[in-house]
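Engineer: The sequence shown runs 3 to 368 under this note's numbering.
Each residue gets a CB set at the ideal place from its N, CA and C atoms; glycine is no exception.
I have a structure I would like to understand better, so I am pasting it below and will then ask my questions one at a time.
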Amino acid sequence: MLVPGPGGRLRGTSGWPGRDHPDRWRARRHGPGPRAGGWGVLPDLADLTADAHVVALPMRVRFRGITVREALVLRGPAGWTEFSPFVEYDDAEAAAWLRAAVDFGWTDHEPAADSVPVNATVPAIAPDAVAGLLARYPGCTTAKVKVAEPGTTVDDDVARVAEVRRVMGADAAVRVDANGLWTLDQAVDALERLAPFDLQYAEQPCRTVPELAALRTRTAGLGVRVAADESVRKAADPLAVARAGAADVLVVKAQPLGGVTAAQAVVADAGLPCVVSSALDTSVGLGMGAFLAAEAMTPGFAAGLGTAAMFESDVTPTPLLPAGGRVPVRRAEASRELLERNAASPERRAWWLARLERVHGLLAAA
Numbered sequence: 003m004l005v006p007g008p009g010g011r012l013r014g015t016s017g018w019p020g021r022d023h024p025d026r027w028r029a030r031r032h033g034p035g036p037r038a039g040g041w042g043v044l045p046d047l048a049d050l051t052a053d054a055h056v057v058a059l060p061m062r063v064r065f066r067g068i069t070v071r072e073a074l075v076l077r078g079p080a081g082w083t084e085f086s087p088f089v090e091y092d093d094a095e096a097a098a099w100l101r102a103a104v105d106f107g108w109t110d111h112e113p114a115a116d117s118v119p120v121n122a123t124v125p126a127i128a129p130d131a132v133a134g135l136l137a138r139y140p141g142c143t144t145a146k147v148k149v150a151e152p153g154t155t156v157d158d159d160v161a162r163v164a165e166v167r168r169v170m171g172a173d174a175a176v177r178v179d180a181n182g183l184w185t186l187d188q189a190v191d192a193l194e195r196l197a198p199f200d201l202q203y204a205e206q207p208c209r210t211v212p213e214l215a216a217l218r219t220r221t222a223g224l225g226v227r228v229a230a231d232e233s234v235r236k237a238a239d240p241l242a243v244a245r246a247g248a249a250d251v252l253v254v255k256a257q258p259l260g261g262v263t264a265a266q267a268v269v270a271d272a273g274l275p276c277v278v279s280s281a282l283d284t285s286v287g288l289g290m291g292a293f294l295a296a297e298a299m300t301p302g303f304a305a306g307l308g309t310a311a312m313f314e315s316d317v318t319p320t321p322l323l324p325a326g327g328r329v330p331v332r333r334a335e336a337s338r339e340l341l342e343r344n345a346a347s348p349e350r351r352a353w354w355l356a357r358l359e360r361v362h363g364l365l366a367a368a
């Protein structure tokens, strides 16, 4: 198999155990059997709320406009799981996140590897803050750099990427993520300026699938691959971007795609190289992503699962922090003390529990 090597160049690799390995994961569900879609039987609302906790985790730096990440973590028969759709998402979009929580909390997933490689994540920070931030990701040889942040310029992005490349060296893999915020013309201009830094890929440079397809054509000579994230996880049809030939790489996230089982099916059907990333999860949700990455991620890539380093505190005393450039593939065991210490306000807890009840009702009626 040809996969990206240092700096994003293609090379051969045997990788770690994955979907074709004889020791790949197996899953055992707690319940009478799978629903359509393969994510298991929907528990009663009382079972979901029996040991549910709403937390508010402060961020070390502002990320995606977020300074405090709220999440609902709950315990199922298989262990702790997470329901944390971003607060601006409507109930219909949040339904996939609840399916993911059920899949992970009510299914015994066995890991396909002991650990997976992860990337450092660089928010839209000033160049002089880059070195200190990268120090929180020991051993990581890949960095994802946020670009196109509102209130910043392409000049700011170029300076940030240049400093990441300088600090990490020529052999590191550097990718950028625009979260779909560039127009087609802006993306062409930005990638022409960023291409000299030997990008592994540009993640969701434009919002729509047609724009991504056009961008691939217009920048074909730059050697920068296009990766799709929002066009996968926020789409009614997550495979449309692959069928349209609009991406070279898929970025998949366990919660938005309905869980480990459902996301694995998307990867298998897409037929494109895959990178697994987080949705700014707590370490409970990062564990869900790690199980998916060990099974489904294309060897040679690093997963975007090192984001526990962005939190001031977490729900477990042993968060899934990068060490040696990797995170373990394991379930996080939430700490009662940390759940209490990081508890959201009563008003926010009530908001999340009401949201959970509404989304549960949507799934029950489906």
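1. Which value, in whole angstroms, describes the spacing of the CA atoms of Leu-340 and Val-56?
2. Looking only at its own chain, which residues have a Cβ that is under 6 Å from the Cβ of Gly-295, when we skip the five neighbours before and after it?
3. Considering only DSSP beta bridges, list what Trp-82 is partnered with.
4. Please report the straight-line C-alpha distance between Asp-159 and Lys-146, rounded to a whole angstrom.
5. Here's the rule: buried if 16 or more other CB atoms are within 10 angstroms of the residue's CB, otherwise exposed. What is Ser-315?
6. If you check the beta carbons only, do Cys-99 and Gln-206 fall under 7 Å apart?
7. Should Gly-42 and Gly-78 be called a contact, given that it needs their Cβ atoms to be closer than 7 Å?
8. Just to confirm my understanding: we take Val-243, look at its own chain, exclude 5 residues before and 5 after, and list those with CB closer than 8 Å. What are they?
9. Excluding five sequence neighbours on each side, which residues of the same chain lie with their C-beta closer than 6 Å to the C-beta of Leu-183?
10. Terminal residues of the continuous beta strand (DSSP E) containing Val-43?
11. Which residue comes first and which comes last in the beta strand (DSSP E) that contains Ala-296?
12. With Val-331 and Pro-113 assumed to form a contact (beta carbons below 8 Å), what rounded beta-carbon distance in angstroms separates them?
13. Using the Cβ count rule (16 or more neighbours within 10 Å means buried), how would you classify Glu-349?
14. Count the other C-beta atoms from every protein chain shown that fall within 10 angstroms of the C-beta of Ala-352, then say buried if there are 16 or more, exposed otherwise.
15. Using three-state DSSP, classify Gly-273 as helix, strand or coil.
16. So, at 7 Å on beta carbons, what are the nonlocal neighbours of Arg-218 in its own chain, with the 5 sequence-adjacent residues on each side left out?
17. Check each candidate in Leu-135, Asn-121 and Val-120 and name the one with the smallest Cα separation from Ile-127.
18. Between which two residues does the alpha helix (DSSP H) containing Gln-188 stretch?
19. Give me the DSSP bridge partner(s) of Thr-123.
20. Inspect the beta-carbon positions of Val-317 and Ala-336 and report whether they are closer than 7 Å.
21. What residues in its chain sit with their C-beta under 8 Å from that of Leu-307, if we drop five residues either side in the sequence?
22. Could you check the C-alpha separation between Asp-46 and Ala-334 for me, to the nearest Å?
23. Curious, which full-length alpha helix (DSSP H) runs of at least 4 residues does the stretch 202-264 contain?
24. Per DSSP, Gly-306 is paired with what?
Structural biologist: Well, looking at it:
1. 11 Å
2. The sequence as given places Ala at residue 295; Gly does not occur at that position. Cβ neighbours of Ala-295 beyond the five flanking positions: Val-118, Val-278 and Ala-305.
3. Arg-77
4. 12 Å
5. exposed
6. As written in the sequence, residue 99 is Trp, which differs from the Cys given in the question. No, these two residues do not count as a Cβ contact at 7 Å.
7. no
8. Val-211, Leu-214, Ala-230, Ser-233, Val-234, Ala-237, Ala-249 and Leu-252
9. Ala-150
10. That residue, Val-43, is in no beta strand (DSSP E); it is neither H nor E in DSSP.
11. It is not in any beta strand (DSSP E) - Ala-296 instead sits in the alpha helix (DSSP H) that spans 285-298.
12. 4 Å
13. exposed
14. exposed
15. coil
16. Val-228 and Ala-248
17. Leu-135
18. 186-196
19. Lys-146
20. yes
21. Val-118, Val-120, Val-278, Ser-279, Ser-280, Leu-288, Gly-291, Ala-292, Ala-295, Leu-322 and Val-329
22. 24 Å
23. 211-220, 232-235 and 242-245
24. Ser-279
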